[in-house]
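Trainee: Line by line, the protein sequences are chains R and G. Just so we're aligned, residue 192 is where the first sequence starts under this note's numbering, counting upward by one. Just so we're aligned, residue 13 is where the second sequence starts under this note's numbering, counting upward by one. Glycine is no exception: its CB is placed at the ideal position from the N, C-alpha and C atoms. Right, I'll just put the structure down here and ask away after.
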Amino acid sequence: DEIEDSHDEL
Amino acid sequence: MNIFRFAGDMMHLLSVVVLLLKIHKMKSCAGISLKTQELYALVFICRYLDIFTGFISLYNTIMKIVFLASAFSILWYMRSHKVVRQTYDKDQDTFRHYFLILACMVLALLVHHKFTFREVMWTFSIYLEAVAILPQLVMLQRTRNIDNLTGNYVFFLGTYRGLYMLNWVYRYLTEVHYHHRWLTWISGFIQTALYADFFYYYVKSWRNNEKLQLPA
Chain R
192 DEIEDSHDEL
Chain G
13 MNIFRFAGDM MHLLSVVVLL LKIHKMKSCA GISLKTQELY ALVFICRYLD IFTGFISLYN
73 TIMKIVFLAS AFSILWYMRS HKVVRQTYDK DQDTFRHYFL ILACMVLALL VHHKFTFREV
133 MWTFSIYLEA VAILPQLVML QRTRNIDNLT GNYVFFLGTY RGLYMLNWVY RYLTEVHYHH
193 RWLTWISGFI QTALYADFFY YYVKSWRNNE KLQLPA
């Protein structure tokens, strides 16, 4: 999932 | 990970270390807003819901644990430590932070990228983080003598999000799949802008070698 996987920042 | 993001994370870490240092070594939380600290704890809980399910990197997982653990130890010190809690200036910390929580939750339910539990909670954490510093800024304005550690704590916290903005610009220019972050960008910009006034007086006091004091 593009959006949820994009939460790679703190 | 680019240098802006890493430097931003380190500033964030440094702010927490400075605050814990003040609390632990000086046994004082004078000038620190418990309400802002409660909001940050809530921000971390809601944003890191995926801490054990979504693995990104060892760095990310460790940092998440550090931010959660530090947020809760600060809360414990301010509420339960028999010496520290007596230095908490409750009368100056009067911001109605529950309204911020409510407003951010309503906004997250209305404006989000995707309507799933995790995504709405993540969005809520982004909105709440943007405004979580407000009780602290109000308290600083009321404090006549802001000690160096408290001033530095807020300064590092503001620098952290400023560096994140540079990180977003960098990623926007260098990464192909990096275009649907407008929600984070707007919140991050508002969050950084809230510090503008503080930064101005912080730098001014530093250049003039004076004690930091915000105009009422």
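Check this for me: beta carbons of G/Arg10 and G/Tyr190, under 8 Å apart or not?
Mentor: With chain G covering 13 to 228 only, the question about residue 10 of chain G has no answer from this structure.
Trainee: Compare the C-beta of G/Trp194 against all C-beta atoms of chain R and say whether one is closer than 8 Å.
Mentor: On the second sequence, position 182 is the one that residue 194 of chain G refers to. With 8 Å as the cut-off, G/Trp194 does not count as an interface residue toward chain R.
Trainee: Of all the options G/Ser92, G/Thr155, G/Tyr60 and G/Val188, which has the alpha carbon lying nearest to the alpha carbon of G/Asp103?
Mentor: Within the second sequence, the letter at position 91 stands for residue 103 of chain G. Measuring C-alpha to C-alpha distances from G/Asp103 to each of G/Ser92, G/Thr155, G/Tyr60 and G/Val188 identifies G/Thr155 as the nearest.
Trainee: Using only the alpha-carbon positions, how far apart do G/His124 and G/Met133 sit?
Mentor: Numbered from its first residue, the second sequence carries residue 124 of chain G at position 112. Numbered from its first residue, the second sequence carries residue 133 of chain G at position 121. So the alpha carbons of these two residues sit roughly 10 Å apart.
Trainee: Give the straight-line distance between the Cα atoms of G/Thr128 and G/Thr135, rounded to the nearest whole angstrom.
Mentor: If you number the second sequence from 1, residue 128 of chain G lands on position 116. If you number the second sequence from 1, residue 135 of chain G lands on position 123. Rounded to whole angstroms, G/Thr128 to G/Thr135 spans 10 Å at the Cα level.
Trainee: Would you kindly work out how many angstroms separate the C-alpha atoms of G/Leu70 and G/Asp62, rounded to a whole number?
Mentor: Position 58 of the second sequence holds residue 70 of chain G. Position 50 of the second sequence holds residue 62 of chain G. Distance between the alpha carbons of G/Leu70 and G/Asp62: 14 Å.
Trainee: Give the straight-line distance between the Cα atoms of G/Leu87 and G/Phe56, rounded to the nearest whole angstrom.
Mentor: The residue given as residue 87 of chain G occupies position 75 in the second sequence. The residue given as residue 56 of chain G occupies position 44 in the second sequence. About 13 Å.
Trainee: For the structure I just gave you, are there three or more beta carbon pairs, one from the segment 137-152 of chain G and one from the segment 194-209 of chain G, closer than 8 Å?
Mentor: yes
Trainee: Could you check whether the Cβ of G/Asn72 sits closer than 8 Å to any Cβ belonging to chain R?
Mentor: Translated into positions along the second sequence, residue 72 of chain G becomes position 60. Yes, G/Asn72 counts as interfacial toward chain R.
Trainee: Along the chain, where does the alpha helix (DSSP H) that runs through G/His36 open and close?
Mentor: Start at 1 with the first residue of the second sequence, and residue 36 of chain G comes out as number 24. Unbroken alpha helix (DSSP H) run through G/His36: Ile15 to Met38.
Trainee: If you run the structure through DSSP and keep just helix, strand and coil, what is G/Thr186?
Mentor: Here residue 186 of chain G refers to the residue found at position 174 when the second sequence is read from its first residue. DSSP places G/Thr186 in helix when its eight states are reduced to three.
Trainee: Suppose the cutoff is 7 Å on Cβ atoms and the five residues either side in sequence are ignored; what does the same chain contact list for G/Thr106 look like?
Mentor: Here residue 106 of chain G is taken as the residue at index 94 of the second sequence, counted from 1. The answer is none, since no qualifying residue turns up.
Trainee: Determine, for G/Arg173, whether the minimum Cβ-Cβ distance to residues of chain R falls below 8 Å.
Mentor: Within the second sequence, the letter at position 161 stands for residue 173 of chain G. Not closer than 8 Å to any Cβ of chain R, the Cβ of G/Arg173 fails to qualify, so no.
Trainee: Any Cβ of chain R within less than 8 Å of the Cβ of G/Ile68?
Mentor: For the purposes of this step, residue 68 of chain G is taken as residue 56 along the second sequence, with counting starting at 1. With 8 Å as the cut-off, G/Ile68 counts as an interface residue toward chain R.
Trainee: Less than 8 Å between the C-beta atoms of G/Val96 and G/Ser45, yes or no?
Mentor: For the purposes of this step, residue 96 of chain G is taken as the residue at position 84 of the second sequence. For the purposes of this step, residue 45 of chain G is taken as the residue at position 33 of the second sequence. No.
Trainee: Under the assumption that G/Tyr100 contacts G/Ile35 (Cβ atoms under 8 Å), give the Cβ distance between them as a whole number of angstroms.
Mentor: Within the second sequence, residue 100 of chain G is the residue found at index 88, counting from 1. Within the second sequence, residue 35 of chain G is the residue found at index 23, counting from 1. About 10 Å separates the two Cβ atoms, so there is no contact after all.
Trainee: Please list the segments of the alpha helix (DSSP H) lying wholly inside the segment 102-137 of chain G, counting only runs of 4 or more residues, in order along the chain.
Mentor: 109-122
Trainee: Below 9 Å on C-beta distance, what does G/Phe79 contact in chain R?
Mentor: In the second sequence, residue 79 of chain G corresponds to position 67, counting from 1. Going along chain R in sequence order, the residues near G/Phe79 (Cβ under 9 Å) are Leu201.
Trainee: Short of 6 Å in beta carbon distance, which residues of its chain neighbour G/His24, apart from the five on each side in sequence? Order them along the chain.
Mentor: As a working note, residue 24 of chain G is residue 12 in the second sequence. These residues qualify, in order along the chain: Tyr172.
Trainee: Using the three-state DSSP reduction, which class does G/Ile74 fall into: helix, strand or coil?
Mentor: Counting from 1 along the second sequence, the entry for residue 74 of chain G is found at position 62. Three-state result, G/Ile74: helix.
Trainee: Quick check: G/Ile68 and R/Asp199, are their CB atoms within less than 8 Å of each other?
Mentor: Within the second sequence, numbered from 1, the residue matching residue 68 of chain G stands at position 56. Within the first sequence, numbered from 1, the residue matching residue 199 of chain R stands at position 8. In this structure, R/Asp199 lies closer than 8 Å to G/Ile68 by Cβ.
Trainee: Measure the beta-carbon distance from G/Gly163 to G/Leu224 and round it to whole angstroms, keeping in mind my assumption that it falls under 8 Å.
Mentor: Within the second sequence, the letter at position 151 stands for residue 163 of chain G. Within the second sequence, the letter at position 212 stands for residue 224 of chain G. About 5 Å; that satisfies the 8 Å criterion.
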